[in-house]
Amino acid sequence: MPSRKKTSMFAAAFLTCVCSFAIICVVLATPYWVSSKVHFSGTNSNVTVSLTYGLFSGTCEQLVDAGLLVPTKIFQVAANLGNTKAKSTITAIIVIVVLGLLFSLLSSGFTCTNAVSNPYQTFLGPIGVYTWNSLCAIFILIAMILFPVNIEGNGLSIELSHGCFSALQKHVKSEHTYGYSYWIMLLIILLNIASIIVIYFYDHARYSKKKEQERPIENAPKDVILF
Numbered sequence: 016m017p018s019r020k021k022t023s024m025f026a027a028a029f030l031t032c033v034c035s036f037a038i039i040c041v042v043l044a045t046p047y048w049v050s051s052k053v054h055f056s057g058t059n060s061n062v063t064v065s066l067t068y069g070l071f072s073g074t075c076e077q078l079v080d081a082g083l084l085v086p087t088k089i090f091q092v093a094a095n096l097g098n099t100k101a102k103s104t105i106t107a108i109i110v111i112v113v114l115g116l117l118f119s120l121l122s123s124g125f126t127c128t129n130a131v132s133n134p135y136q137t138f139l140g141p142i143g144v145y146t147w148n149s150l151c152a153i154f155i156l157i158a159m160i161l162f163p164v165n166i167e168g169n170g171l172s173i174e175l176s177h178g179c180f181s182a183l184q185k186h187v188k189s190e191h192t193y194g195y196s197y198w199i200m201l202l203i204i205l206l207n208i209a210s211i212i213v214i215y216f217y218d219h220a221r222y223s224k225k226k227e228q229e230r231p232i233e234n235a236p237k238d239v240i241l242f
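Residue numbers for the sequence shown follow the working numbering, so the first one is 16 and each next one is one higher.
See below:
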């Protein structure tokens, strides 16, 4: 059975991993990654398309200068995109976040295992926890970088606007505000870092205690050691 200190430390790390897993589920499920206002100019009037969407779905509405408001539409992100770089990138982001979810689940399993037992394999111990938490944090960070790049560089919101309303003409400008579904990914990264720090303190304390136990033998007189 593990010591009380090990159980408490790994239980704390398990809690942070579970929270990370739950937040990634929220990130995938909610359509509040970004809100965009995309402005288009036409022959008779200017049109503004307002979109709010996530990785899978969103809503859009069209406002004309004359005050005419087209009723809100619900759309599927992938269905509104052609075979473009924006679609490939959004697909890659989904895969990356899902892999982050998997790594978070593995980290939860490893910390739970160590909280209730002493695994024989080295990788099932702190090394495994370091690995899965690090990978989860890295993949979530990559997703956070790729999503704005897809909007600003690949014109994701512009393409989605055309998918919602086919009669749009010349694009003028776009304004983007990132929502809570995007920003809470920072919390996921912080939780993964917290898990690594907790296990590091446990591992460091265990190593220091082991060294202290070995020191009396190293400092003992040779005749005592021979005896």
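Glycine included, each C-beta is placed from N, C-alpha and C at the ideal position.
Query, Result
"Reducing DSSP to helix, strand and coil, say where GLY178 ends up.", "helix"
"Per DSSP, which residues does PHE55 bridge with? Please list them.", "VAL62 and HIS186"
"Less than 6 angstroms between C-beta atoms, sequence neighbours within five positions excluded: which residues of the same chain meet that for PHE25?", "THR126, ASN129 and ALA130"
"Considering only DSSP beta bridges, list what ILE89 is partnered with.", "THR74"
"Out of curiosity, what's the CA-to-CA distance linking SER119 and PHE162?", "20 angstroms"
"For LEU114, name the three-state secondary structure that DSSP assigns.", "helix"
"Between PHE242 and the rest of its own chain, which residues show a CB-CB distance below 7 angstroms, the 5 nearest in sequence each way excluded?", "Its pLDDT being 42, under 50, PHE242 is placed unreliably by the model, and the measurement read from it follows with that caveat. Around PHE242: no qualifying Cβ."
"Around the Cβ of LEU84, are there at least 16 other Cβ atoms within 10 angstroms (buried) or fewer (exposed)?", "exposed"
"Taking only three categories from DSSP, how would you classify SER132?", "coil"
"For LEU96, does the three-state DSSP call read helix, strand or coil?", "coil"
"Whose C-beta lies closer than 7 angstroms to the C-beta of GLY170 among residues of the same chain, with five residues either side of it excluded?", "ALA101"
"Is TYR145 helix, strand or coil when you go by DSSP?", "helix"
"With a CB to CB cut of under 6 angstroms and the five nearest residues on each side skipped, what residues in its chain are close to CYS151?", "GLY115, PHE118, SER119 and ASN207"
"Comparing C-alpha positions only, which one of PHE71, LYS188, VAL213 and GLU174 sits nearest to ILE89?", "PHE71"
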